[in-house]
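Peer 1:
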Amino acid sequence: MVRYEVDGGVAVLTLANPPVNALGAALRAALDEALARAEADESVRAIVLAAEGKVFVGGADISEFGKPLHAPNLPDVLERLDAGRKPVVAAIGGAALGGGLELAMACHGRIAAPAAKLGLPEIKLGIIPGAGGTQRLPRLIRPDAAFTMMLTGEPVSAETAAGLGIVDAVVLGDLVPAARTQALELADSGALPRVRDRADRLTPEARQAFEAKAAEAVKRDPEATNVHALVRAVRAGLDPDAFDAAVAVERAEFRTLVEDPRSKALRYAFFAEREAARVPGLSKDTPRRPIETAAVIGAGTMGGGIAMCFANAGIPVTVIETEAGALERGLDRVRGLYAGSAKRGSITEAQRDERIGRITGAIGLENAAQADIVIEAAFEDMAVKREIFSKLDGIAKPGAILATNTSYLDVDAIAAVTGRPQDVLGLHFFSPANVMRLVEVVRAGKTAPDVLATALDLGKRLNKLPVTVGVCFGFVGNRILERRSRAAERLLLEGALPHEVDAAVTGFGFRMGPFAMSDLAGLDIGWRSRKDFGGRAPVADALAEMGRFGQKTGRGFFVYSDGARTGTRDPEVEALIEKTAAEHGIARRSFTPDEIIARLMYPMVNEGARILEEGIAARPGDIDTIWINGYNWPAWRGGPMHWADTVGLKSVAEALTRFARETGDDSQEPAPLLRKLAESGGRFADWKAR
Ligand code: T1G
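Have a look at this one:
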């Protein structure tokens with residue numbers, strides 16, 4: 015756990031707790047013991063703290079939260095550093111996050127490798143730093159800058175950290191010699207510079223700037239209990255003499271937050287996202303195919319965005335169209351997006367040019383002949399896709415992976431037109447593809463294990479979040495979305511108005527409500543889809559037939575005056591809703607926000623239960639990961655399946671039975687899995703595929 019080596023009066027303590035040197039109980043105890051040993055070792059004048067692996071320390075062990083704490087806790091270990099009489103220098107070779115950065119800040123010096131990143135991401139887990147981070151960071155880089163860093167939870171690069179004063183130097187190559195030198199210099203000087211003793215950053219101006227940022231943060235997110243706690247903890251330490259008292263405030267706030275349902279949901283989501291990478295039947299020994307070049311069929315918004323993903327990951331990609339104009343327009347759009355990023359400074363001009371340089375355009379499918387992977391991003395029409403795959407079958411080289419970006423369609427039917435169904439799968443990117451992390455990797459009936467494993471690795475290489483799903487209409491995300499859309503339409507007929515439904519959904523934590531979403535995406539898309547695949551949405555269809563496609567036409571469920579992005583109520587729409595309800599003989603009534611949420615979300619959960627029963631998703635956490643990352647389900651509610659567990663499956667099932675009776679829609683009846691869990695007092699969290 016901690017290697018102890020003494021050489022030339024310096025004890026080098028090397029943390030070794032793969033994969034991320036998380037500060038779990040065993041590592042804390044081993045570190046505490048090694049520090050005590052170095053303090054007592056008369057041959058030791060100075061200490062270096064290093065770590066094995068690509069991560070310095072990935073933080074406290076999140077999996078331990080909420081369980082009985084085993085001594086020494088991290089603050090205890092840091093207190094030993096505070097009380098030490100020998101200088102300790104941290105050699106930060108990789109990510110120092112959360113407790114990892116707190117550990118480094120309790121040392122007397124810090125050096126970092128150029129690739130290291132340093133941050134306090136606790137806010138993203140619904141908590142706050144709990145081992146002195148809210149006290150030492152303000153003393154290192156000013157309270158206002160520290161508050162901002164803890165509020166965003168975003169790490170900074172080693173270079174930025176050096177500029178801020180978090181680390182003393184950025185060192186190329188082996189960090190330990192440089193750390194040894196710094197530690198011995200401190201020993202020779204007799205200095206023991208503890209961050210906790212610094213007060214020079216706690217200036218009145220910095221304190222005022224912090225208060226202004228704190229007021230802003232609390233105003234922006236009044237419900238976020240951990241933001242309020244962060245403000246209280248940082249504020250407690252603004253007085254230079256209040257370090258110990260302020261650390262006690264931080265610890266108390268931290269302990270309260272660890273028990274908060276929001277934090278439990280965020281920690282669940284953290285692990286669910288990582289568990290999604292574990293696919294039944296695949297292992298690290300499953301062969302992979304080399305992916306060095308790619309081809310994308312279609313230069314539309316999706317095709318261009320997908321091509322950017324490859325270019326951003328350093329993979330040359332050919333964008334193929336049938337018509338020169340469409341190709342040029344598509345490539346121009348991509349070049350414009352890169353130019354915008356460079357202008358905003360999110361990429362350098364050199365990166366812009368490199369990435370554009372990796373994308374070439376071509377006319378004709380034969381240009382896909384040498385690609386290791388071909389991704390079809392053509393029109394969402396089965397006949398079009400089958401024709402493309404049939405031709406690709408005769409063009410693509412043996413062993414090439416053939417992927418379709420379809421959002422809904424039957425990947426088995428697409429694979430069936432090729433002589434190589436084992437090489438075919440779906441890669442459902444979410445729009446905009448170059449921004450959204452989520453990719454549903456659609457495992458078709460004959461997709462070979464090595465093809466699936468290669469696609470999942472490629473997803474990570476493209477800095478995406480690949481989640482494996484099975485073949486059905488809409489896979490996981492869109493299949494569940496269809497349930498919410500259907501329930502939302504039904505609510506309009508029964509008496510809720512568009513703005514009331516949207517307000518309930520944004521109040522629940524979504525960024526947008528379903529009707530604002532429809533107006534943004536375009537009512538014509540759903541309208542055409544229902545005409546192609548069936549389904550009824552009386553109000554949305556009536557609006558689309560009136561040419562009210564949403565923002566793109568200035569009117570949809572709402573009215574968008576002079577290009578506004580936020581719509582306003584339209585009496586014409588509300589009259590249409592009442593007329594349509596009357597035509598369906600539905601008596602209207604008012605709905606409370608809670609009723610609206612139940613009517614919308616419970617059917618989603620029910621569809622999730624069916625998806626699990628059918629094996630379309632491997633586990634409830636995969637469904638939650640998809641909805642958090644593809645549809646903005648509020649992460650602090652953990653996803654639909656986790657949320658349903660917190661509501662209680664018995665009451666969800668009972669409500670669904672009632673909805674089925676009220677709406678006459680039998681598909682609202684609880685799915686067998688949901689009914690079984692409800693009756694047995696079970697939770698989705700305990701469900702395992704058979
Ligand atoms: N605790 C427990 N397990 C962790 C972990 C952690 N902090 N970080 C990662 N893992 C597991 C992860 O579940 C996965 O497991 C494996 O390590 C590889 O992770 C006191 C209270 C460090 C940048 O929030 O951001 O400190 O699936 O796939 O892409 O104030 O992991 O292999 O079984 O993400 O190379 C604060 C969380 C904690 C950082 C590495 N720290 N981790 O990324 O690997 S709270 C964080 C990350 C805290 C203090 C407070 C990333 C990473 P498995 P991975 P990666």
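Be aware that the sequence shown starts at 15, since it is given in this note's numbering, and climbs by one per residue.
We put the CB at the ideal spot given by N, CA and C, even for glycine.
1. Please report the distance separating the alpha-carbon of Val348 from that of Leu200.
2. What does a CB cutoff of less than 6 Å around Ala286 pick up in its chain, not counting 5 residues either side in sequence?
3. Taking one C-beta from the segment 254–268 and one from the segment 56–69 each time, how about it: are there three or more such pairs within less than 8 Å?
4. Taking 8 Å as the threshold, find out whether the segment 363–379 comes into contact with the segment 427–437 through three or more Cβ pairs.
5. Could you name the residues of the same chain whose beta carbon sits closer than 7 Å to that of Ile370, not counting the 5 residues immediately before and after it, in chain order?
6. What is the rounded straight-line gap between the Cα of Ile142 and the Cα of Glu230?
7. Quick one: using the 10 Å Cβ neighbour count with 16 as the cut-off for buried, is Gly312 buried or exposed?
8. Which residues bound the alpha helix (DSSP H) around Pro528?
9. Between Phe70 and ligand 1, is there a pair consisting of the residue's CB and a ligand heavy atom that are separated by less than 7 Å?
10. So what's Arg156 in DSSP terms, helix, strand or just coil?
11. If you drop the 5 nearest sequence neighbours on each side, which residues of the same chain put their C-beta closer than 6 Å to that of Thr520?
12. Sort Cys323, Phe284, Val388 and Arg150 by Cα distance to Glu335 and report the nearest one.
13. Relative to the C-alpha of Val331, which residue among Ala383, Phe571, Tyr422 and Val102 is closest?
14. Please return the same chain residues whose Cβ sits closer than 7 Å to the Cβ of Arg475, not counting the five positions on each side in sequence.
15. Express the C-alpha separation of Ala129 and Ser171 in angstroms, rounding to a whole number.
16. I'd like to know whether the C-beta atoms of Gly570 and Arg562 end up nearer to each other than 8 Å.
17. Measure the Cβ-Cβ separation of Ala228 and Leu271 and say whether it is below 8 Å.
18. Please give me, in chain order, every unbroken run of the beta strand (DSSP E) with length at least 3 that falls completely inside the segment 456–541.
19. For a test of the three-state rule: what should DSSP assign to Ile320, helix, strand or coil?
20. In this structure, does DSSP put Ala97 in helix, strand or coil?
21. Near Ala290, what residues of its chain come up, given a Cβ to Cβ distance below 7 Å and the 5 sequence neighbours on each side ignored?
22. How would you label Thr191, buried or exposed, when you count the other beta carbons within 10 angstroms and need 16 or more for buried?
23. Answer yes or no: do Val515 and Leu505 have a C-beta to C-beta separation smaller than 8 Å?
24. For ligand 1, is there any heavy atom lying closer than 7 Å to the beta carbon of Glu136?
25. Any heavy atom of ligand 1 closer than 7 Å to the Cβ of Val170?
26. Sort out for me which residues DSSP pairs Val184 with in a bridge.
27. Would you kindly work out how many angstroms separate the C-alpha atoms of Met163 and Gly144, rounded to a whole number?
28. Sorted by chain position, which residues of the same chain lie with C-beta nearer than 7 Å to Gly251's C-beta, five sequence neighbours on each side aside?
29. Looking at ligand 1, does it come within less than 7 Å of Arg288, judged from the CB to the closest heavy atom?
30. I need the boundaries of the alpha helix (DSSP H) containing His242, first residue and last residue.
31. Go through the segment 322–367 residue by residue and report every complete run of the alpha helix (DSSP H) that reaches 4 residues or more, in order.
32. Specify the secondary structure class of His442 as computed by DSSP and reduced to three states.
33. Using the Cα positions of Arg42 and Glu93, report the straight-line distance between them to the nearest angstrom.
34. Decide yes or no for the touch test of the segment 68–77 against the segment 101–117: beta carbon pairs closer than 8 Å, at least 3 of them.
35. Does DSSP put Thr166 in a helix, in a strand, or in coil?
36. Need the endpoints of the alpha helix (DSSP H) that Phe268 sits in, please.
Peer 2: Reading it off the structure:
1. 53 Å
2. Gly635, Asp638 and Thr639
3. no
4. no
5. Arg349 and Tyr352
6. 18 Å
7. buried
8. Pro528 to Ala535
9. no
10. coil
11. Gly527
12. Val388
13. Ala383
14. Ala327
15. 7 Å
16. yes
17. no
18. 479–483
19. helix
20. helix
21. Val481, Gly635, Asp636 and Thr639
22. Note on residue identity: the sequence assigns Pro, not Thr, to residue 191. So Pro191 counts as exposed.
23. yes
24. yes
25. no
26. Ala126
27. 15 Å
28. Thr148, Gln149, Pro152, Phe257 and Ala260
29. yes
30. Thr239 to Ala250
31. 338–358
32. strand
33. 12 Å
34. yes
35. helix
36. Phe257 to Val272
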